[in-house]
């Protein structure tokens, strides 16, 4: 039998500090969990853009450019036009993966959040911690994608810093909304398959990803207007190759994404707290 | 092996604080709309005490536990944990508790030691402290050989021991165990009881809910028997049995169709008779003597068993129902 000293929690724990740093502890857990998948994440993070750029960027791009000329889409080549949209997609996908599934795991599958809440961690700390970790994942996805885009000559190195910040911002805005949505899901009865098929895919198809939104008939353009992907893509195109945007519209893009981020986190923290206390 | 005694000035001073109440509940109530889950119960738990909440499913035990664990707000009465009100100081209280929930909720993708580590980090415990503490807890939970195994590969009993070890990572003032051995096989239950008994011996304040009478008898210094949100009785297991039951119980089975028919013939033989669908219980100070009297009446039970009274009998006496139905 060892003579280990039992100091007791009152001696060991600085409660106020532990409460204030709660989100960091949750994020630390999430990052440790993510580290188990790091090879897959990097493989996917590199493989996905390479495949997309080879097939759509270069393949479809060759067809478009041969018909429209090398500056025929929004004043640039098709690959340059497409790149910011793909980057926005990668950011959104990365953030979504790390908000949606951990939330369902936390509340329903493994009930990890209830274990966290048995400590001094509150619903607020847990929700913010998940968002912080999703931000790290989103950053990894964005940086890997940008690396490939630069290698393919789809974006310039000079545009990378600004694109990195806005892409992460856009990804987190959508991630916050997914965090909010997932926090209301009681049972996974295929709900995420529905989300993927009826929200994510249409958003990807109707957000001016492959062609300017203005090409669509007006009765379909509204899908792009409400889609965070369109707002993120427009900002990306502005930063990447100087796509023309009115200042008020640029402000609208940022405001829309900012609203999603703030409202998503606010409602999610409220729901996390409420659900953990039931 | 985890040991709570030491030579440091900060060591766990049980003897000096035996009168300190860790938990005080007065008219504690929890309602969900019109449904009253916990109905104005009163109890106190002293430092170092092993306190049990015994009752069937739906008795209000887990709801009471969640209010003590400061994750569920009461709707009436007063509750004080470590001198604080959980409705306003929940996080401050929870930092000092160890909680073992009914269902294990580990991160199954992480290794055994990593689960202890991340849980310690939730409390903001230093990495250096945790390095030693994890070794100690792995020894205590007899999981040292499994330290680098993913949690999803552990057996049910091992997961349960890991949950208990996790609950001790912050050296809690109170360790709360909600149905700690439900779903485990007999061997795993006995290993777990051994671990909990060691904690009890070392002065950790335990609060345990269970619907297993043998578990309550083994682990609890004092307990409350709950049913339908109310406290039916309170005391030590021995005193409750003494107060509400006889020394021995004779269980006889005449067959499911004959039990009800025979019961009136033998109801005068003991202090009290309970006729259940599958058996008849005769409460007496001398079970063997009652069995001889039954034989003398010319009755031949298919099976008979003389045993000492248990908390199951106390519960049956108090509520007219068995604990596990």
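Chains as they are written, first to last, in the working numbering: chain A, 1 to 278; chain B, 1 to 325.
C-beta atoms are modelled at their ideal positions from N, C-alpha and C, and glycine is treated no differently.
Backbone CA spacing between residue i and residue j [nearest angstrom]
i: residue 347/B; j: residue 301/B; result: Because residue 347/B is not part of the residues shown, which for chain B are 1 to 325, the question remains open.
i: residue 168/A; j: residue 92/A; result: 8 Å
i: residue 252/A; j: residue 66/A; result: 35 Å
i: residue 231/B; j: residue 33/B; result: 21 Å
i: residue 243/B; j: residue 235/B; result: 10 Å
i: residue 38/A; j: residue 179/B; result: 37 Å
i: residue 125/B; j: residue 97/B; result: 14 Å
i: residue 247/A; j: residue 235/A; result: 11 Å
i: residue 49/A; j: residue 82/A; result: 11 Å
i: residue 281/B; j: residue 127/B; result: 57 Å
i: residue 43/A; j: residue 160/B; result: 36 Å
i: residue 95/B; j: residue 76/B; result: 24 Å
i: residue 138/B; j: residue 147/B; result: 7 Å
i: residue 172/A; j: residue 186/A; result: 23 Å
i: residue 221/A; j: residue 207/A; result: 8 Å
i: residue 147/A; j: residue 90/A; result: 13 Å
i: residue 46/A; j: residue 40/A; result: 10 Å
i: residue 285/B; j: residue 318/B; result: 19 Å
i: residue 174/A; j: residue 132/B; result: 41 Å
Closest by C-alpha distance to residue i, when choosing among the options
i: residue 137/A; options: 257/A, 198/A, 155/A, 98/A; result: 98/A
i: residue 99/B; options: 314/B, 166/B, 283/B, 311/B; result: 166/B
i: residue 288/B; options: 318/B, 250/B, 263/B; result: 250/B
i: residue 64/A; options: 224/A, 211/A, 190/A; result: 211/A
i: residue 189/B; options: 96/B, 171/B, 164/B; result: 164/B
i: residue 296/B; options: 244/B, 119/B, 265/B; result: 265/B
i: residue 252/B; options: 241/B, 262/B, 68/B; result: 262/B
i: residue 26/A; options: 194/A, 42/A, 129/A; result: 129/A
i: residue 51/B; options: 208/B, 242/B, 34/B, 321/B; result: 208/B
i: residue 31/B; options: 23/B, 64/B, 150/B, 132/B; result: 64/B
i: residue 280/A; options: 21/B, 309/B, 71/B; result: Any answer about residue 280/A is impossible in this case: the structure gives chain A only from 1 up to 278.
i: residue 223/A; options: 165/A, 40/A, 203/A; result: 203/A
i: residue 282/A; options: 24/A, 165/A, 215/A, 198/A; result: With chain A running from 1 to 278 in the structure shown, residue 282/A is simply not present.
i: residue 237/A; options: 227/A, 192/A, 209/A, 225/A; result: 209/A
i: residue 27/B; options: 229/B, 240/B, 316/B; result: 229/B
i: residue 320/B; options: 45/B, 303/B, 272/B; result: 272/B
i: residue 183/B; options: 104/B, 132/B, 144/B; result: 104/B
i: residue 55/B; options: 306/B, 309/B, 213/B; result: 213/B
i: residue 176/A; options: 15/A, 19/A, 271/A, 33/A; result: 271/A
i: residue 141/B; options: 150/B, 121/B, 267/B, 116/B; result: 116/B
i: residue 204/B; options: 25/B, 286/B, 48/B, 225/B; result: 48/B
Cβ-based burial, residue i [other Cβ within 10 Å; buried from 16]
i: residue 298/B; result: exposed
i: residue 153/B; result: exposed
i: residue 243/A; result: buried
i: residue 141/A; result: buried
i: residue 123/A; result: buried
i: residue 256/B; result: exposed
i: residue 218/A; result: exposed
i: residue 290/B; result: buried
i: residue 259/A; result: exposed
i: residue 186/B; result: exposed
i: residue 151/A; result: exposed
i: residue 189/A; result: exposed
i: residue 144/B; result: exposed
i: residue 240/B; result: buried
i: residue 278/A; result: exposed
i: residue 303/B; result: exposed
i: residue 10/B; result: Confidence in residue 10/B is poor, its pLDDT being 37 and thus under 50, which makes the residue's placement unreliable; the coordinate value appears in the next sentence. Result: exposed.
i: residue 230/A; result: buried
i: residue 161/A; result: exposed
i: residue 255/A; result: exposed
i: residue 170/A; result: buried
For the 8 Å Cβ check, are there 3 or more pairs between the stretch 172–189 of chain A and the stretch 100–111 of chain A?
The stretch 172–189 of chain A makes contact with the stretch 100–111 of chain A: 3 or more CB pairs, one atom from each, lie closer than 8 Å.
Is the stretch 85–98 of chain B touching the stretch 107–120 of chain B, taking contact as three or more C-beta pairs under 8 Å?
No: the two stretches stay apart, fewer than three of their Cβ pairs being nearer than 8 Å.
Can you confirm whether the stretch 55–62 of chain A touches the stretch 72–89 of chain A when touching is taken to mean that 3 or more C-beta pairs between the two stretches lie within less than 8 Å?
The stretch 72–89 of chain A is in contact with the stretch 55–62 of chain A.
Whole runs of the alpha helix (DSSP H) within the stretch 97–183 of chain A, excluding any shorter than 4 residues
Unbroken alpha helix (DSSP H) runs of no fewer than 4 residues, entirely contained in the stretch 97–183 of chain A, are found at 112–117, 123–151, 160–183, following chain order.
Count the CB pairs spanning the stretch 211–218 of chain B and the stretch 180–194 of chain B that are closer than 8 Å, and state whether there are at least three.
Touching, yes.
Please determine if the stretch 4–20 of chain A and the stretch 169–185 of chain B are in contact, where contact requires at least 3 C-beta pairs separated by less than 8 Å.
The stretch 4–20 of chain A makes contact with the stretch 169–185 of chain B: 3 or more CB pairs, one atom from each, lie closer than 8 Å.
Are the stretch 35–54 of chain B and the stretch 246–265 of chain A touching, with three or more C-beta to C-beta distances below 8 Å?
Under the 8 Å Cβ criterion, the stretch 35–54 of chain B does not count as touching the stretch 246–265 of chain A, having fewer than three qualifying pairs.
Does the stretch 112–121 of chain A come close enough to the stretch 69–81 of chain A to have 3 or more Cβ pairs within less than 8 Å?
In short, these stretches do not touch, since the Cβ pair count stays below three.
Taking the runs of the alpha helix (DSSP H) that are 4 residues or longer, which of them lie wholly in the stretch 196–269 of chain A?
For the alpha helix (DSSP H) assignment, the uninterrupted runs of no fewer than 4 residues enclosed by the stretch 196–269 of chain A are, from N- to C-terminal side, 201–205, 218–226, 228–241.
Suppose only complete runs of 3+ residues qualify. What are the beta strand (DSSP E) ranges in the stretch 272–321 of chain B, listed by chain order?
272–275, 280–284, 303–308, all fully within the stretch 272–321 of chain B.
What ranges does the alpha helix (DSSP H) occupy inside the stretch 163–206 of chain B, keeping only unbroken runs of at least 4 residues that lie completely in it?
You should have 186–201.
Jot down the residue ranges of each uninterrupted alpha helix (DSSP H) in the stretch 35–119 of chain B, minimum 4 residues, whole runs only, in chain order.
Restricting attention to alpha helix (DSSP H) runs no shorter than 4 residues, the stretch 35–119 of chain B encloses them at 61–68, 86–94, ordered along the chain.
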